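Q: Below is the structure I would like to discuss, written out as structure tokens.
There are 2 protein chains.
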Amino acid sequence: MTTLVDVAKKANVSKMTVSRVINHPDKVTDELKQLVYQAMRELDYHPNMIAKALVNKSTRIIKLCILEDIDTTEPYYMNLMIGIAKTLDLHQYSLQLVTRKNFDIGNCDGYIITGMREQDVDWINNLKKPVVIFGENRYGFDYVDTNNKAGTYLLAQLALEKGYERLIYVGIDSKESFEYSREAGYLQQVQEKRMMPELHRFGNHSHLAEEFVRDNWDDITKNTAFICASDRLAIGIERGITRCGGKIPDDFGVTGFDGVFLNQVASPKITTIKQSIIEMGSACGENLLDKIDTNAKQGALVFEPKISLGGTLRE
Amino acid sequence: MTTLVDVAKKANVSKMTVSRVINHPDKVTDELKQLVYQAMRELDYHPNMIAKALVNKSTRIIKLCILEDIDTTEPYYMNLMIGIAKTLDLHQYSLQLVTRKNFDIGNCDGYIITGMREQDVDWINNLKKPVVIFGENRYGFDYVDTNNKAGTYLLAQLALEKGYERLIYVGIDSKESFEYSREAGYLQQVQEKRMMPELHRFGNHSHLAEEFVRDNWDDITKNTAFICASDRLAIGIERGITRCGGKIPDDFGVTGFDGVFLNQVASPKITTIKQSIIEMGSACGENLLDKIDTNAKQGALVFEPKISLGGTLRE
DNA sequence: ATCCTCAATATTATCGGTAACAAATTATTC
DNA sequence: GAATAATTTGTTACCGATAATATTGAGGAT
Chain A
1 MTTLVDVAKK
11 ANVSKMTVSR
21 VINHPDKVTD
31 ELKQLVYQAM
41 RELDYHPNMI
51 AKALVNKSTR
61 IIKLCILEDI
71 DTTEPYYMNL
81 MIGIAKTLDL
91 HQYSLQLVTR
101 KNFDIGNCDG
111 YIITGMREQD
121 VDWINNLKKP
131 VVIFGENRYG
141 FDYVDTNNKA
151 GTYLLAQLAL
161 EKGYERLIYV
171 GIDSKESFEY
181 SREAGYLQQV
191 QEKRMMPELH
201 RFGNHSHLAE
211 EFVRDNWDDI
221 TKNTAFICAS
231 DRLAIGIERG
241 ITRCGGKIPD
251 DFGVTGFDGV
261 FLNQVASPKI
271 TTIKQSIIEM
281 GSACGENLLD
291 KIDTNAKQGA
301 LVFEPKISLG
311 GTLRE
Chain B
1 MTTLVDVAKK
11 ANVSKMTVSR
21 VINHPDKVTD
31 ELKQLVYQAM
41 RELDYHPNMI
51 AKALVNKSTR
61 IIKLCILEDI
71 DTTEPYYMNL
81 MIGIAKTLDL
91 HQYSLQLVTR
101 KNFDIGNCDG
111 YIITGMREQD
121 VDWINNLKKP
131 VVIFGENRYG
141 FDYVDTNNKA
151 GTYLLAQLAL
161 EKGYERLIYV
171 GIDSKESFEY
181 SREAGYLQQV
191 QEKRMMPELH
201 RFGNHSHLAE
211 EFVRDNWDDI
221 TKNTAFICAS
231 DRLAIGIERG
241 ITRCGGKIPD
251 DFGVTGFDGV
261 FLNQVASPKI
271 TTIKQSIIEM
281 GSACGENLLD
291 KIDTNAKQGA
301 LVFEPKISLG
311 GTLRE
């Protein structure tokens with residue numbers, strides 16, 4: 001392994017100059033800088049992160065804290081982890097998976113938190129290290145998420161374009177920010193078209209949505225599309241309609257949200273919002289590392305939603 | 001953060017003595033050792049891994065090299081990674097995901113390799129850092145795997161106990177060690193019972209197994225059980241039998257192998273071997289870290305298979 | 001020419017450990 | 001009981017980087 005000193009010798013400067021070329025290039029004359037760059041190239045120099053970490057008193061560990069229950073059959077967290085790990089590995093950081101319980105065991109340089117709820121706010125505010133939240137929030141924490149509002153807005157728009165005349169929103173019975181945003185997207189679309197909003201909320205289980213359809217089958221007129229807040233609910237609606245003898249997509253439309261795994265099981269596949277969780281995970285990592293380096297607020301990083309066409313809307 | 005020096009002061013010894021208590025406790029008198037332990041406890045001392053890494057010229061990075069294509073919807077690799085990461089995090093190592101292509105970018109302390117084939121042997125032999133293979137092999141590399149032979153042996157035994165009178169083995173058309181072992185398990189069971197072995201091999205796709213059933217439906221007598229080398233093949237067999245009007249499990253039995261995700265989609269669920277990939281991943285990590293510390297061969301670590309009962313065998 | 005700035009570069013100390021060597025203590029031998 | 005060997009503990013140097021401080025040298029003012 002070539003070190004600073006090797007480069008310094010080759011360039012005929014002190015090792016401090018080499019260090020400065022890397023960390024404060026503006027404080028070195030161009031002439032020397034060129035010499036140093038040249039030497040670094042010739043020796044294929046890569047800084048030793050461990051030495052850096054030692055003097056910076058850093059750990060090169062990032063903790064990923066998942067506050068909700070993990071369903072390992074959902075590739076959601078797999079993708080999130082892959083995305084985060086990709087970035088962290090690139091910078092030679094190590095990812096540590098923690099829960100709220102073992103959160104405080106061992107040091108780290110920063111946190112990525114997902115599944116945050118209102119009750120976690122105080123706790124997060126008191127953390128001493130940089131934090132990035134995966135999932136939108138309204139408490140001013142830096143976060144990365146899909147544009148939830150735009151997602152339902154676009155799906156509702158698409159449903160209307162396909163000729164469905166009534167839009168029923170099927171939401172998740174929860175006070176989380178993403179749910180409000182998804183409702184807001186639906187509402188905005190419906191209001192722009194001067195339609196009657198119809199909202200229902202359930203726990204995020206397919207059978208609850210299915211029951212809803214069966215219980216209200218008589219009131220569900222043909223040419224209705226259901227804008228659902230999750231694929232899970234959408235699958236329940238789809239099943240309910242099919243069991244009641246309704247025809248998808250001819251007489252009824254269904255849209256979901258999330259579309260990672262569940263969609264593979266549904267038939268026909270749900271028209272839904274496809275989130276690039278891997279990419280978003282990477283972004284979480286990048287944001288957090290930036291924040292650690294510069295100590296600067298990162299703000300919100302919002303990914304624009306992409307519609308994944310299934311067979312639950314016409315055409 | 002308390003350091004060696006803090007502990008040394010408190011215990012009234014030199015920091016070298018503290019270091020020795022940690023790394024070479026046999027070279028320190030019990031008396032001093034007790035003093036030092038006491039001080040460490042009182043100050044809640046945890047060694048700084050980064051400093052350790054610097055002086056040991058280690059990177060605290062382990063590369064996980066997956067040589068086959070990753071299907072992110074299969075929780076297989078997710079679980080493997082979770083298992084490995086769990087162990088590595090505990091020891092403050094960082095996991096880096098690499099492919100054969102970007103394998104040489106950046107340093108590391110050791111490798112975990114999965115999906116190894118014959119053609120990779122020379123390459124692995126030439127690696128300069130400790131290696132543990134995930135998946136059995138016959139080239140003397142340290143590895144972690146399920147006892148593949150015992151798996152099919154047990155499933156075949158179970159099928160016979162349930163009264164199926166003919167056992168057909170449906171294997172994967174590949175020269176990999178695990179496949180030979182699974183065949184061997186079936187063969188041993190069949191030979192012990194002095195039955196005629198019947199082996200078939202296909203690429204690992206459900207539709208190939210399904211076609212096989214349809215093409216040979218006339219020759220497939222009632223009361224036959226299919227011992228398959230993978231869940232994927234088992235699902236194909238299951239579908240083939242059902243489509244041909246056969247009754248599972250009354251007239252036909254099916255067993256699989258692996259049972260991570262696919263099994264959730266099958267109906268009825270396949271009776272298969274359940275592998276605790278997470279645990280095996282942890283074991284890979286432990287083995288590798290041991291190997292890095294002690295430089296000693298770890299040998300093979302074989303997990304005994306557990307049968308996961310589905311609905312594809314009688315009773 | 002002398003003194004003073006200010007910028008560019010070099011030197012030194014430090015992060016928290018460990019190995020190699022030196023010193024001190026104890027045990028063994030004749 | 002002195003000489004020597006063996007064991008235990010302490011000192012020093014070093015791993016590879018960076019911050020703080022010291023040094024050098026060029027240009028400006030007097």
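Quick note, the sequences are listed as chains A and B, same order.
Every letter in the first sequence is one number past the one before it in UniProt numbering, and letter 4, counting from 1, is 4.
Every letter in the second sequence is one number past the one before it in UniProt numbering, and letter 267, counting from 1, is 267.
Just so you know, even glycine gets a beta-carbon here, dropped at the ideal spot from N, CA and C.
Keep in mind it's a predicted model, so treat the numbers as computed, not measured.
#1: Identify every run of the beta strand (DSSP E) within the region 132-161 of chain B, keeping only runs that are complete inside it and at least 3 residues long; order them along the chain.
#2: At a CB-CB cut-off below 7 Å, which residues of chain B make contact with T59/A?
#3: Please identify the residue among Q96/A, R117/A and A229/A whose C-alpha is closest to the C-alpha of N107/A.
#4: When the distance is taken between beta carbons, is V132/B closer than 8 Å to C284/B?
#5: Taking the straight line between their C-alpha atoms, what separation do you get for A229/A and R41/A?
#6: Hey, could you find the ends of the beta strand (DSSP E) Q38/B is sitting in?
#7: Residues of chain B with CB under 9 Å from L97/A, in chain order?
#8: Does the Cβ of D267/B have 16 or more other Cβ atoms within 10 Å, making it buried, or fewer, making it exposed?
#9: Run through DSSP, which three-state label would Y169/B get?
#10: In the DSSP assignment, find the unbroken beta strand (DSSP E) run with L88/B in it and report its ends.
#11: Suppose contacts are defined by Cβ-Cβ distances below 8 Å. Is Q189/A in contact with A225/A by that definition?
#12: Where does residue 325/B fall in DSSP's three states?
#13: So P249/A packs on T294/A, CB below 8 Å; how close in whole Å?
#14: For the beta strand (DSSP E) that H207/A lies in, which residues bound it at each end?
#15: Look at the alpha carbon of D258/A and the alpha carbon of L35/A, and state the distance between them as a whole number of angstroms.
#16: Take D164/B and list the residues in its own chain whose beta-carbon comes closer than 7 Å to its own, dropping the five residues that flank it on each side.
#17: Between L158/A and the rest of its own chain, which residues show a CB-CB distance below 8 Å, the 5 nearest in sequence each way excluded?
#18: Please confirm if S94/A has its CB atom under 8 Å from at least one CB of chain B.
#19: Against chain A, with Cβ distances strictly below 8 Å, would P268/B count as a contact?
#20: By the criterion of Cβ-Cβ separation under 7 Å, what are the contact partners of A234/B in chain A?
#21: Whole angstroms is fine: what's the gap from K27/B's alpha carbon to A8/B's?
#22: Would you mind telling me which residues of chain A sit closer than 7 Å to residue 367/B, beta carbon to beta carbon, in chain order?
#23: Find the residues of chain A that neighbour P197/B, judging by a C-beta separation of less than 8 Å, and give them in chain order.
#24: Is DSSP giving T242/B helix, strand or coil here?
#25: Nearest chain A C-beta to P75/B closer than 8 Å, yes or no?
#26: Could you check whether the Cβ of M280/B sits closer than 8 Å to any Cβ belonging to chain A?
#27: Return the residues of the UniProt domain "HTH lacI-type" (2-56) of chain B that lie within a Cβ-Cβ distance of less than 9 Å from chain A, sorted by chain order.
#28: Let me check understanding here. Comparing Cα to Cα, which of L4/B, R20/B and E31/B lies closest to L43/B?
#29: Give a yes or no on whether the C-beta atoms belonging to I235/A and H200/A are separated by under 8 Å.
#30: Determine the closest residue to N56/B out of N56/A, R60/A, A51/A and K269/A, with distance taken between C-alpha atoms.
#31: Please list, in chain order, all residues of the same chain as T221/A whose beta carbon is under 7 Å from its beta carbon, the five residues on each side excluded.
#32: If you measure from the beta carbon of M78/A to each beta carbon in chain B, is any gap under 8 Å?
#33: What's the gap between the Cα of F202/A and the Cα of R194/A?
#34: Kindly indicate which residue of I70/A, N125/A and M49/A has the alpha-carbon position closest to the one of V98/A.
#35: Determine the direct distance from the alpha carbon of G245/B to that of G246/A, and round the result to whole angstroms.
A: On the basis of the supplied data:
#1: 143-146
#2: I50
#3: Q96/A
#4: yes
#5: 53 Å
#6: That residue, Q38/B, is in no beta strand (DSSP E); its alpha helix (DSSP H) goes D30 to L43.
#7: I82, A85, K86 and D89
#8: The sequence as given places Ser at residue 267/B; Asp does not occur at that position. S267/B is exposed by the Cβ-count criterion.
#9: strand
#10: That residue, L88/B, is in no beta strand (DSSP E); its alpha helix (DSSP H) goes P75 to L90.
#11: In this structure, Q189/A sits away from A225/A, with a CB-CB distance that is not shorter than 8 Å.
#12: In the structure as shown, chain B starts at 1 and stops at 315, and residue 325/B therefore has no counterpart that could be examined.
#13: Going by Cβ atoms, the distance from P249/A to T294/A rounds to 49 Å, so no, they are not a contact pair.
#14: Run containing H207/A: none in the beta strand (DSSP E); it sits in the alpha helix (DSSP H), S206 to D215.
#15: Spanning the two alpha carbons is a distance of roughly 52 Å.
#16: The amino acid occupying residue 164/B in the given sequence is Tyr; Asp does not appear at that position. Within the same chain, Y164/B has close Cβ partners N223, T224, A225 and G253.
#17: T255, T271, I307 and L313
#18: yes
#19: no
#20: Here the premise fails: no neighbours, minimum Cβ distance about 18 Å.
#21: 16 Å
#22: Lying before the first or after the last residue shown, residue 367/B is absent from chain B, which here runs from 1 to 315.
#23: Simply none; closest approach about 35 Å.
#24: helix
#25: yes
#26: no
#27: Answer set for the UniProt domain "HTH lacI-type" (2-56) of chain B: H46, N48, M49, I50, A51, A53 and L54.
#28: L4/B
#29: no
#30: Of N56/A, R60/A, A51/A and K269/A, the residue nearest in Cα terms is A51/A.
#31: R166
#32: yes
#33: Taking the straight line joining both Cα atoms gives about 25 Å.
#34: I70/A
#35: 29 Å
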